[in-house]
Amino acid sequence: MSAREKPRLGVFKFSSCDGCQLSLLDCELELLAVTDAVEIAYFLEATRKDMKGPFDVVLVEGSITTPHEAELIRQIRKSSKVLITIGACATSGGIQALRNFADVNGFLDIVYARPDYIETLDTATPIADHVQVDFELRGCPINKYQLLEVLNAFLNKRKPNIQNYAECIECKQRGTVCVMVAKGVACLGPVTQAGCGGLCPASHRGCFGCFGPMETPNTTALADRFLNELGQDKGTVLRAFRSFNANAPAFREESLKHE
Amino acid sequence: MPDRQAVIDRKDLGALFTLLADEGYQTIGPKPYDGAIVYAPISSPEELPKGIGDEEEGGHYRLTQRGDAKLFGHTKPVQGLKAHLYPARQKLWSAEKAGHGFRVVKDAAPQPRYAFIGVRACELSAMLVQDRVFEGGPYVDKGYAERRKNCLIVLVTCDHAGNACFCASQGTGPDASEGYDLKLAEVVDGSRHVFVTEAGSDKGRAILSKLSKQDAADGDVKAAAANLEAAAKGQKRAMIAGVAELLAAKLESPHWEDVAKRCMSCGNCTMVCPTCFCSTMEDATDLSGLKAERTRKWDSCFSIDYSYIHGGPVRNTAGARYRQWMTHKLSHWVEQFGVSGCVGCGRCIIWCPVGIDITAEAKAILKGA
């Protein structure tokens, strides 16, 4: 394939920590294969090269938290054939969506010496609330192998092998002993989408829900278990559901029940 | 005539491991790991869970100290031997681009030779069920068949029932009459620590002939029998009789929606079930598109993708998915494979994060009749 025919890739950042686009750089050896397969046209974390659109594939990290971002994402959408959002911020609003549960002006007054310099929205929202998204890749951060798989699938015009079932399936495939059953540790695994490979339970911690709600999340059943069998109080249950994916509808609704 | 029973002294058990290793087997047995007993590669009896028992209930599992020297005083490991005979992830073949088409490259890696030590009767029953699934009928899973043919089974009978056990009501344990190569019954009486042993196959007889042993004493055989009886009588759970017919008649029971309120569709029951065999195929390419690979992975009937056909998934509600799992396991499995898909190990009860109990659900459906 000649360089001219290579698909043009853009990587854009909105309100986020940069960790997900870093996952692309973290691909190391595979990164060479990526650069063979695509022309990196815009990726400020990796290169100062600032090429204009249109783009064949765009990866978008971060959530929409300012009026400027709300406008910018529309422009990016217009110049992209395929738009893929990456990470909890871009797919649900991220940790900054905690503001959605409170008055944003309260935070402004506490955090900034001159709140009047700050122009922000009342909420942090996922990209899909603003523009059409072709694929959402979950995670906080995303799993680099899943990122490669998604890029690969779009380049080869096939369906990405990304599962939407519960994290428990990955734990069992890996042979991890269930921390909730064998240790009484509260774990969001049964309501969280697979993708991380079961990192936390393999390190004796409960799942924190980084990959957001799985396809059919029964959060009520899990919250009941936390409250009635694992001895958690309502505040702890609320905080379990209100973290990196606080604004994902299933987690948001569950946390609101425990206010 | 059954083989005459012999005993192997505890101190001579190591020789079994050495012998199996010498004969090219990879020895797999129960081992304490991360607060549980799991099947793992072990190379000597010293790695067995000495004096360790387990406590089990719906959604609950803890290791306990038995206060004795038994090596097999636990009930059953977290996951069965399914993971060895039917791995969670298996590459089936790969392909390379060739001209306008592609060339298939078969994965010709030799299959492992496992010696499974400490297999329970329910576990063995589960293997016999999976044999029907993978080897019955015209389409044999060759990889499974080879691993299964290669393997050697050292069954160890149970000395007590776990709280989730219900093999007695399923007719799958706690004793086994076929399918093993060696059967051991562990007897500890004061300082005497022996394994009442019998061979169940030519392979087993050949192994046994090379081991140091004595004739079993009356007390040993009686103790082994008493242990087995305790394991059968001590079972607190039981599957209701006639469950296959009952479930077939109760597909519209309102109880399915009751289960759906508790069931999280997480799939844990299907993952730990030693007979569940559902899988999905994953086709992947490399970035260049010049190489492709097909992988078979464990899947679960609790996932949406599993029943996805043109237009959408067939089983949209948790009730429908639970009904599919339970009625398949206990009812139409019998029509499909000639036996029940449930061996009564109780793993689905223990490892369900919210403790849903298949025996209790069956009773509830019966009551609602």
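Read top to bottom, the protein sequences are chains F and H. Following our numbering from start to finish, the first sequence increments by one per residue and tops out at 769. Following our numbering from start to finish, the second sequence increments by one per residue and tops out at 1259. Where a beta carbon is used, it is the ideal one built from N, C-alpha and C, also for glycine. Quick caveat, the model's predicted, so the values are computed rather than measured.
Inset, instruction - Could you spell out where the beta strand (DSSP E) holding T954(H) opens and where it closes? - result: Position 64 of the second sequence, counted from the first residue, corresponds to residue 954(H). 950–955 is the extent of the beta strand (DSSP E) around T954(H).
Legend entry - Extent of the continuous beta strand (DSSP E) to which I1240(H) belongs: Position 350 of the second sequence, counted from the first residue, corresponds to residue 1240(H). Element bounds for I1240(H): not the beta strand (DSSP E) but the alpha helix (DSSP H), 1237–1240.
Inset, instruction - Could you please tell me which residues of the segment 549–568 of chain F, in chain order, have their CB closer than 9 Å to any CB of chain H? - result: none
Legend entry - Limits of the unbroken alpha helix (DSSP H) element including F1227(H): By 1-based counting over the second sequence, the position of residue 1227(H) is 337. 1223–1227 is the extent of the alpha helix (DSSP H) around F1227(H).
Inset, instruction - Report yes if the CB atom of R609(F) is closer than 9 Å to the CB atom of T633(F), and no otherwise. - result: On the first sequence, residue 609(F) is found 99 positions in, with the first residue counted as 1. On the first sequence, residue 633(F) is found 123 positions in, with the first residue counted as 1. In this structure, T633(F) lies closer than 9 Å to R609(F) by Cβ.
Legend entry - Distance between N1040(H) and I679(F) (C-alpha atoms, nearest Å): Along the first sequence, one-based indexing puts residue 679(F) at 169. Along the second sequence, one-based indexing puts residue 1040(H) at 150. Cα to Cα, the separation comes out at about 28 Å.
Inset, instruction - Spell out whether any CB of chain F is found under 9 Å from the CB atom of V1244(H). - result: Counting from one through the second sequence, the residue named residue 1244(H) turns up at place 354. True, the Cβ-Cβ gap to chain F drops below 9 Å.
Legend entry - Same chain, Cβ closer than 7 Å to E937(H), five either side skipped, listed in chain order: In the second sequence, residue 937(H) corresponds to position 47, counting from 1. Closer than 7 Å at Cβ, skipping near neighbours: K921.
Legend entry - Interface residues of chain F facing A973(H) [CB-CB closer than 8 Å]: Position 83 of the second sequence, counted from the start, is the residue given in the question as residue 973(H). Result: G685.
Legend entry - Contact set between E739(F) and chain H, taken where Cβ atoms lie within less than 9 Å: To locate residue 739(F), count along the first sequence from 1; it is residue 229. The contacting residues are G949, H950, V1244, G1245.
Legend entry - Y976(H) in three-state terms, based on DSSP: One-based indexing of the second sequence puts residue 976(H) at position 86. Y976(H): coil per DSSP, three-state reduction.
Legend entry - Span separating the alpha-carbon of S1178(H) from that of Q1001(H): Translated into the one-based positions of the second sequence, residue 1178(H) becomes position 288. Translated into the one-based positions of the second sequence, residue 1001(H) becomes position 111. Their backbone Cα atoms lie some 31 Å apart in a straight line.
Inset, instruction - Please decide whether P577(F) counts as near chain H, where near means a Cβ-Cβ distance under 9 Å. - result: What you label residue 577(F) is simply residue 67 of the first sequence in a count that begins at 1. Judged by the 9 Å Cβ criterion, P577(F) is not in contact with chain H.
Inset, instruction - Quick one: grab the DSSP three-state call for R1186(H). - result: Here residue 1186(H) refers to the residue found at position 296 of the second sequence. R1186(H): strand per DSSP, three-state reduction.
Inset, instruction - Along the beta strand (DSSP E) that carries H553(F), what are the first and last residues, could you check? - result: Taking the first residue of the first sequence as position 1, residue 553(F) is located at position 43. One detail in the question is off: residue 553(F) reads as Phe in this sequence, not His. Per DSSP, F553(F) belongs to the beta strand (DSSP E) from 549–553.
Legend entry - G1026(H) versus S1230(H) - alpha carbon distance: Your numbering for residue 1026(H) matches position 136 in the second sequence. Your numbering for residue 1230(H) matches position 340 in the second sequence. About 15 Å.
Inset, instruction - Below 7 Å CB to CB, which residues in the same chain sit around D1110(H) once its five sequence neighbours on both sides are set aside? - result: Here residue 1110(H) corresponds to residue number 220 of the second sequence, with the count starting at 1. Excluding sequence neighbours, D1110(H) sits near V897, V1077, V1084, V1086.
Inset, instruction - Answer yes or no: does any C-beta atom of chain H fall closer than 9 Å to that of C688(F)? - result: Translated into the one-based positions of the first sequence, residue 688(F) becomes position 178. Chain H contact via Cβ: present.
Inset, instruction - Examine chain F for any beta-carbon lying closer than 9 Å to the beta-carbon of L1177(H), and answer yes or no. - result: Along the second sequence, read from residue 1 onward, the residue named residue 1177(H) stands at position 287. Yes, L1177(H) counts as interfacial toward chain F.
Legend entry - For E739(F), the first and last residue of its enclosing alpha helix (DSSP H): For this step, residue 739(F) is matched to residue 229 along the first sequence. From DSSP, E739(F) is part of no alpha helix (DSSP H); its letter is neither H nor E.
Legend entry - Outcome for A513(F) when other beta-carbon atoms lying within 10 angstroms are tallied against a minimum of 16: For the purposes of this step, residue 513(F) is identified with residue 3 of the first sequence, where counting begins at 1. Residue confidence is low: A513(F) scores 46 on pLDDT, short of 50, so the model does not pin down where it sits. Its coordinate-derived value is still stated next. With fewer than 16 Cβ atoms within 10 Å of its Cβ, A513(F) is classed as exposed.
Legend entry - Inside the segment 903–962 of chain H only - alpha helix (DSSP H) runs reaching at least 4 residues: 903–912
Inset, instruction - Please report the residue range of the beta strand (DSSP E) in which T1087(H) lies. - result: Residue 1087(H) sits at position 197 when you count from the first residue of the second sequence. 1082–1089 is the span of the beta strand (DSSP E), which, as asked, contains T1087(H).
Legend entry - S1190(H) to E1172(H) span [Cα, whole Å]: Numbered from its first residue, the second sequence carries residue 1190(H) at position 300. Numbered from its first residue, the second sequence carries residue 1172(H) at position 282. Cα-Cα distance, rounded: 14 Å.
Legend entry - Where V701(F) falls, given that 16 or more other Cβ within 10 Å makes a residue buried: Here residue 701(F) is taken as the residue at index 191 of the first sequence, counted from 1. The residue in question, V701(F), is buried, as its Cβ has 16 or more Cβ neighbours within 10 Å.
Inset, instruction - Quick one: using the 10 Å Cβ neighbour count with 16 as the cut-off for buried, is W983(H) buried or exposed? - result: Residue mapping note: residue 983(H) aligns to position 93 of the second sequence, counting from 1. By the 10 Å Cβ count, W983(H) comes out exposed.
Legend entry - Cβ of M891(H) within 9 Å of any chain F Cβ: Here the question's residue 891(H) lines up with position 1 in the second sequence. Below a pLDDT of 50, predicted positions are generally treated as unreliable, and M891(H), at 42, falls in that range; no measurement from the model is reported.
Inset, instruction - Please name the residue, chosen from V570(F), A598(F), T601(F), C599(F), that lies closest to I586(F) on a Cα-to-Cα basis. - result: Residue numbering aside, residue 586(F) sits at position 76 when the first sequence is read from its first letter. Taking only the C-alpha atoms, the option nearest I586(F) is V570(F).
Inset, instruction - Please name the residue or residues paired with T595(F) in a DSSP beta bridge. - result: Working through the first sequence from its first residue, we reach residue 595(F) at position 85. T595(F) is bridged to V570(F), E646(F).
Inset, instruction - May I ask you to report which of helix, strand or coil DSSP gives S984(H)? - result: Along the second sequence, one-based indexing puts residue 984(H) at 94. Three-state result, S984(H): strand.
Legend entry - Residue interval of the alpha helix (DSSP H) (run including R1038(H)): By 1-based counting over the second sequence, the position of residue 1038(H) is 148. Its alpha helix (DSSP H) spans residues 1032–1040.
Legend entry - Under 7 Å from the C-beta of I679(F): neighbouring residues of chain H: As a working mapping, residue 679(F) is identified with position 169 in the first sequence. Those within 7 Å of I679(F) in chain H are G1157, M1161, S1190.
Legend entry - Contacting positions in the segment 618–644 of chain F - beta carbon closer than 7 Å to chain H: none
Legend entry - Within chain H, the residues that R668(F) reaches when beta carbons sit closer than 8 Å: Taking the first sequence and counting its residues from 1, the one referred to as residue 668(F) is at position 158. The contacting residues are D1173, T1175.
Inset, instruction - Give the C-beta separation of M1154(H) and N728(F) to the nearest angstrom, bearing in mind that I take them to be a contact with Cβ-Cβ under 8 Å. - result: For the purposes of this step, residue 1154(H) is taken as residue 264 along the second sequence, with counting starting at 1. For the purposes of this step, residue 728(F) is taken as residue 218 along the first sequence, with counting starting at 1. Between N728(F) and M1154(H) the Cβ distance is about 4 Å, and since that is below 8 Å, they are a contact.
Inset, instruction - May I ask whether a heavy atom of the ligand COA can be found less than 8 Å away from the beta carbon of R587(F)? - result: As presented, the structure is devoid of all ligands, the ligand COA included, so that no description of it is given.
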